[in-house]
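2 protein chains.
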Amino acid sequence: MTPARVLVFGFAAVILLGALLLALPQATQDGLGLPFLNAVFTATSAVCVTGLVVVDTATTFTYFGQWVILLMIQVGGLGFMTFATLFAMILGKKITFKERLLLQEALNQVSVEGIVRLTKSVLQISFAIETMGALILTLRWYSDFGWSKALYYGIFHSISAFNNAGFDLFGNFSSLTAFVGDPIINITIMLLIILGGLGFIVLADLLTPQKKLRLHTKIVLQVSGALILFGAVFILIMEFANPKTLGPLPIGTKVLAAFFQSVTTRTAGFNTIDISNMYETTLLSMIVFMFIGASSGSTGGGIKTTTFIAIILSVLSTYRNNLHVVLKGRTIPREVIAKAWAITTSAIFLIFIVLSILSHSENSDLQTLLFEVTSAFGTVGLSLGITPHLSVAGKIAIALTMFIGRVGPLTLAFFLTQKRNKLSTQIKYPDERIMIG
Amino acid sequence: MTPARVLVFGFAAVILLGALLLALPQATQDGLGLPFLNAVFTATSAVCVTGLVVVDTATTFTYFGQWVILLMIQVGGLGFMTFATLFAMILGKKITFKERLLLQEALNQVSVEGIVRLTKSVLQISFAIETMGALILTLRWYSDFGWSKALYYGIFHSISAFNNAGFDLFGNFSSLTAFVGDPIINITIMLLIILGGLGFIVLADLLTPQKKLRLHTKIVLQVSGALILFGAVFILIMEFANPKTLGPLPIGTKVLAAFFQSVTTRTAGFNTIDISNMYETTLLSMIVFMFIGASSGSTGGGIKTTTFIAIILSVLSTYRNNLHVVLKGRTIPREVIAKAWAITTSAIFLIFIVLSILSHSENSDLQTLLFEVTSAFGTVGLSLGITPHLSVAGKIAIALTMFIGRVGPLTLAFFLTQKRNKLSTQIKYPDERIMIG
Ligand SMILES: [K+]
Ligand SMILES: [K+]
Numbered sequence: 073m074t075p076a077r078v079l080v081f082g083f084a085a086v087i088l089l090g091a092l093l094l095a096l097p098q099a100t101q102d103g104l105g106l107p108f109l110n111a112v113f114t115a116t117s118a119v120c121v122t123g124l125v126v127v128d129t130a131t132t133f134t135y136f137g138q139w140v141i142l143l144m145i146q147v148g149g150l151g152f153m154t155f156a157t158l159f160a161m162i163l164g165k166k167i168t169f170k171e172r173l174l175l176q177e178a179l180n181q182v183s184v185e186g187i188v189r190l191t192k193s194v195l196q197i198s199f200a201i202e203t204m205g206a207l208i209l210t211l212r213w214y215s216d217f218g219w220s221k222a223l224y225y226g227i228f229h230s231i232s233a234f235n236n237a238g239f240d241l242f243g244n245f246s247s248l249t250a251f252v253g254d255p256i257i258n259i260t261i262m263l264l265i266i267l268g269g270l271g272f273i274v275l276a277d278l279l280t281p282q283k284k285l286r287l288h289t290k291i292v293l294q295v296s297g298a299l300i301l302f303g304a305v306f307i308l309i310m311e312f313a314n315p316k317t318l319g320p321l322p323i324g325t326k327v328l329a330a331f332f333q334s335v336t337t338r339t340a341g342f343n344t345i346d347i348s349n350m351y352e353t354t355l356l357s358m359i360v361f362m363f364i365g366a367s368s369g370s371t372g373g374g375i376k377t378t379t380f381i382a383i384i385l386s387v388l389s390t391y392r393n394n395l396h397v398v399l400k401g402r403t404i405p406r407e408v409i410a411k412a413w414a415i416t417t418s419a420i421f422l423i424f425i426v427l428s429i430l431s432h433s434e435n436s437d438l439q440t441l442l443f444e445v446t447s448a449f450g451t452v453g454l455s456l457g458i459t460p461h462l463s464v465a466g467k468i469a470i471a472l473t474m475f476i477g478r479v480g481p482l483t484l485a486f487f488l489t490q491k492r493n494k495l496s497t498q499i500k501y502p503d504e505r506i507m508i509g
Numbered sequence: 073m074t075p076a077r078v079l080v081f082g083f084a085a086v087i088l089l090g091a092l093l094l095a096l097p098q099a100t101q102d103g104l105g106l107p108f109l110n111a112v113f114t115a116t117s118a119v120c121v122t123g124l125v126v127v128d129t130a131t132t133f134t135y136f137g138q139w140v141i142l143l144m145i146q147v148g149g150l151g152f153m154t155f156a157t158l159f160a161m162i163l164g165k166k167i168t169f170k171e172r173l174l175l176q177e178a179l180n181q182v183s184v185e186g187i188v189r190l191t192k193s194v195l196q197i198s199f200a201i202e203t204m205g206a207l208i209l210t211l212r213w214y215s216d217f218g219w220s221k222a223l224y225y226g227i228f229h230s231i232s233a234f235n236n237a238g239f240d241l242f243g244n245f246s247s248l249t250a251f252v253g254d255p256i257i258n259i260t261i262m263l264l265i266i267l268g269g270l271g272f273i274v275l276a277d278l279l280t281p282q283k284k285l286r287l288h289t290k291i292v293l294q295v296s297g298a299l300i301l302f303g304a305v306f307i308l309i310m311e312f313a314n315p316k317t318l319g320p321l322p323i324g325t326k327v328l329a330a331f332f333q334s335v336t337t338r339t340a341g342f343n344t345i346d347i348s349n350m351y352e353t354t355l356l357s358m359i360v361f362m363f364i365g366a367s368s369g370s371t372g373g374g375i376k377t378t379t380f381i382a383i384i385l386s387v388l389s390t391y392r393n394n395l396h397v398v399l400k401g402r403t404i405p406r407e408v409i410a411k412a413w414a415i416t417t418s419a420i421f422l423i424f425i426v427l428s429i430l431s432h433s434e435n436s437d438l439q440t441l442l443f444e445v446t447s448a449f450g451t452v453g454l455s456l457g458i459t460p461h462l463s464v465a466g467k468i469a470i471a472l473t474m475f476i477g478r479v480g481p482l483t484l485a486f487f488l489t490q491k492r493n494k495l496s497t498q499i500k501y502p503d504e505r506i507m508i509g
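Just so you know, the sequences run in chain order A and B. Sequential numbering from 73 applies to the first sequence in the numbering used here. Sequential numbering from 73 applies to the second sequence in the numbering used here.
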C-alpha cells in the first residue's frame, strides 16, 4: 500500500470511528445520538479541521460528544501519522523506514532524514502553543464563566484555533461574534490561527536561531503577511459603512474585526461579525482568500500560499518571455511550477464540479453555494448559513469536498514528488525547493 | 509603434468612428441618434463581434445604423488589418515588411512568409462562405418576407453568424427564438458559426487537398467537435423536462435546440430558446463553454480550444510525473504551455476583477453577472437579460471587457511569441507548434 493510500484510509478510518462515537446516545444532549449522516458530516468536518456544522456544537452535544470532536480536531490537525509516531515513541517501538515515508507524506516534507526529530518538535511546539493559548483564554474567561467552564472553553477554543478547525462552544452558530471588540480574545485567537497556518516547517525554522531562514520560510511569512494585510484593508474599506457588519462599531473595533475576518480566511473558520450580511464584493474577495488558504504542511487548507505565489510568478515570467521562474535569486524548479498549476487547476475543477452538483440539489443562489464549496475545499468552515439546511446529496458532496480538500493536496503532492529529479532541468540560478500544496 | 499597439489603437479608432456614426440622427429611428455611451457600447460590441446590446438592433436603428453595425462586424471579424491589406491590394500599393508583421499579428500567425497570400485566401474563403450562407437564408426567408427583406436579412444574419457577432434583426432582444424548430435556418447558422470559429488557418488547411493536415488543424477539429457534442448532450439532458426551455418542444426540436445552444457558446451569441430560463446547472456549464470559446485566429473569442487542451494535457502530464507535454507523438513546446497558462490565468483574473466591480455597481445576483462578464470576455453576446439595464460603470466595464477579450489574447500572444526560441528546450519528440490564444 502506498503512503498516499495509507493516509487516505487512515483519515477515513478516524472519521468513521468519530462518526460512530457521535452517533452514540451519550454524545448528544437529547440522548438519541446524532443521526448517522450528520455524524459522518460532523466527524469529517472535525478530522478535516473545517468547522462547517450541520448541528450547533454547543447545544447539541454532551461533554463526551464535544471531547470526541476536540480529539478528532487534534488528530486531524496534527495529522494522524504524527499521532501514530507519538504512540510509537511512547511505546518505545522502532520506527521503520516505511513509517518514516508515511510521516514524510503526512508532513509534506521532501527528505526522510530527521523526520522523527521533526515529528517530535512538531508535537512539542504545537502543545506548547496550544497550552499558552488555553492559559490566556482561561484567564480572560475566568471572570465571565468561573474557573471550570473558563478552563474548558480555553482548552477547546485554543485547540480549535491552532488547528484552524473553527469549532466553537458559544451556541446558536454564533462563533465569536459576542467578542468582536475584545482585544485579548481576538489577538490570542488570531495568533493561534496564524501560527497554526504557517506550517510546522516554518515554525521549526523560526525556532532554530543559529541558521539563515529557508527560502520557503521567507516566502510563507511575506505572502501570509501580505494576504492578511490586504484582506483586512479591503474588508475595512468595503464594509466600513455597512450597517449590518462594521457600520455600527467604533473605529478601533472596526479595524480589529477587519483583521480578524481577514485572518480567519487563512483558513480558521471563526468569525466575529455576521459574514452573511457582508456585501457581495467583500464575499467574492473572501472566496479568493479562502481558496488560497494557509501554508504547506500546516493545520490550514486551500491551495496554499506558496502554490499561489508560484503561479503568479510563473505568469509574470511568461509575460516577460522568461522560461525560468526566479525568486530572490533562486530558480524555482520547473516541476514545482507544474505541480502548482496541477494543484490549482484540480482545485478549480473540483470546486466547479461540486458547485454544479449543488446548483442542482440545493435551492440557494450561486454566490452562497460557491462560498460554501470553497469554504469546504479550503477546510475553512465559514458559511453564509446554509450548512444545516443542505440536502442529503449536498451534505455528502460537501463532506467529500472537505475530505479531498484536506487529504488531496498532500497525497497529490506525494504522487507528484515521488519520482522527481528523474529528468534534469536547465538551471540558470542555483535551485532551491519550495513546498507546494 | 509595435504591431500590438497598432492593433489596439486601430481597433479603438474603428470603434470610435463607428460610435460617432451611430450617434448621428440618421442612425436611429427616433431621429435623435444614439446617446454617446450607448453608441460606444454598441460599436465596441460590433467591432469586437460580441453581440451584447443595450438597445434592440431591429427597432432602434435605421437601415443606415444597421449597415454601420454590419460593417463594423465585418471589419472586426476579419480583422481591420486584413481589411487594410485588401485596400492596399486594391490600390496596388507595395506591402512593407512592417505591414506584414502587423498582418501576422492580426491573424495570430507564426511566420511572415506567405502572409499576403494567406490574407487573400482569408478574404476569399470568408466572402465565399458568407455569400453561400446569405443565399440559403434569403431563399428560406423569401416566402415569409418577400425578396427585398429576405435578401437584407439573409446578408445581415449570414455575416453576423460567420463573424460570430450574434447581432440580429428580429426585434425585442428575441434573437432566433422564432425559428427554434426550423432545420434550414438552424443548420445554416450553425455551420456559419462553426466555420467562422475554426479559424482561417484551419479553413485554409482543409481547403488545401494535397498535403497532410497540420497538428493544429486536427486538434481544433477534434476539440471543437467534442465541445459541441458534449455541450449539446449536457443541455439536452439537463433541460429536457424544463417547461420554460426544451420541455414543450417535440423531441427532434429538442435535439436541434440543444445543438444550437451548444454551438452558440463557440462564441456566436445567437439563441433559439430563452436561456435566462435555463436551470442554474446548465448556465454554469455554458459559462465554462463560453470561457473556452472558439479557435485561434478565428472570428470567435474565449481563451481558445487549443489553450484549453494545452492546459488539460499539461495537468495530466504533471499527474503522470512527465515534464514533457506530448500529443499525438509530438511534444508541445514548453513556452506554448507557459503561454496557455498565462492566457488562462489572465482571463480568470480579468473576469474576477470585472465581476467584483459589477457586484458593487449592479443589483443582479452573482450568476447573472458572471454569465454577463464571461460572455463579454469571450465576445459571445449571450445574456440573461441585464445588458440594457447596466449602470454607467457597468456599461464601461463590460465594454472594456469585450475590447480586452477581443484584442488581448492576440496582442498578448504576440508579446509572448516575439522573442521565442531564444532559449532552447529539451525535446524528446520532434516539435510542432500549435497556436495558443
Ligand atoms: K477551518
Ligand atoms: K459573439
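Glycine residues also receive a C-beta, built at the ideal position from the N, C-alpha and C atoms.
Listed along chain A are 410, 413, 414 and 417, each with a C-beta nearer than 9 Å to that of residue 386(B).
Between the region 365-373 of chain A and the region 436-451 of chain A there are three or more inter-stretch CB-CB distances shorter than 8 Å, so the stretches are counted as touching.
A straight line joining the alpha-carbon of residue 98(A) with that of residue 104(A) spans about 8 Å. Within chain A, the residues placing a beta-carbon under 7 Å from that of residue 432(B) are 353, ordered along the chain. For residue 333(A), no Cβ of chain B is located within less than 8 Å of the residue's own Cβ. A straight line joining the alpha-carbon of residue 287(A) with that of residue 368(A) spans about 13 Å. Looking only at 250(B), 234(B) and 239(B), the smallest Cα-Cα distance to residue 261(B) is reached by 234(B).
Rounded to whole angstroms, the separation of the alpha carbons of residue 428(A) and residue 318(B) is 20 Å. For residue 390(B), the closest Cβ of chain A is nearer than 8 Å. Interface criterion met: the Cβ of residue 356(B) is under 8 Å from a Cβ in chain A. The closest heavy atom of ligand 2 lies less than 7 Å from the beta carbon of residue 339(B).
Distances taken from the Cβ of residue 451(A) to the heavy atoms of ligand 1 include one shorter than 7 Å.
CA-to-CA, the gap between residue 237(B) and residue 332(A) works out to about 48 Å. In the three-state reduction of the DSSP assignment, residue 440(B) falls in the helix class. The Cβ neighbour count for residue 196(A), taken over all protein chains shown within 10 Å, is under 16; the residue is labelled exposed. Looking at 356(B), 215(B) and 210(B), the one whose alpha-carbon comes closest to that of residue 224(B) is 210(B). When secondary structure is reduced to three states using DSSP, residue 392(B) falls in the coil class, being assigned neither helix nor strand.
Here the distance from the Cβ of residue 237(B) to the nearest heavy atom of ligand 2 is below 7 Å.
According to the DSSP assignment, residue 266(B) belongs to the alpha helix (DSSP H) that extends over 255-270. Between the alpha carbons of residue 351(A) and residue 442(A) lies a distance of about 15 Å.
The beta carbon of residue 383(B) falls within 8 Å of a beta carbon belonging to chain A, placing the residue at that interface. Residue 107(A) has its alpha-carbon roughly 13 Å from the corresponding atom of residue 467(A).
Straight-line measurement puts the Cα of residue 353(A) at about 6 Å from the Cα of residue 432(B). When rounded, the separation of the alpha-carbon atoms in residue 192(A) and residue 198(A) is 10 Å. Per the coordinates, the alpha-carbon of residue 439(A) lies some 7 Å from the alpha-carbon of residue 439(B). Set against 7 Å, the gap from the CB of residue 121(B) to the closest heavy atom of ligand 2 is smaller. When 220(B), 340(B) and 111(B) are compared, the shortest CA-CA separation from residue 471(B) is found for 111(B). Only buried fits residue 343(A), as 16 or more other CB atoms lie within 10 angstroms of its CB. Excluding the 5 residues flanking it on each side, residue 212(B) has same chain C-beta neighbours closer than 7 Å at 256 and 257, in chain order.
Shown here, residue 293(A) sits in a helix according to DSSP, grouped into three states. Pairwise C-beta distances place the region 112-123 of chain A in contact with the region 139-155 of chain A, as three or more of them are shorter than 8 Å. For the region 86-135 of chain A, the continuous alpha helix (DSSP H) assignments of 4+ residues that do not extend past its boundaries occur at 108-119 and 129-132, in sequence order. For residue 252(A), no beta strand (DSSP E) segment is defined, and its DSSP state is neither H nor E. Around residue 406(B), the beta-carbon contacts reaching into chain A at under 7 Å are 395. Annotated as distal: residue 417(B) and residue 295(B), with beta-carbon spacing of 8 Å or more. Counting along the chain, residue 231(A) sits inside the alpha helix (DSSP H) bounded by residues 219-234.
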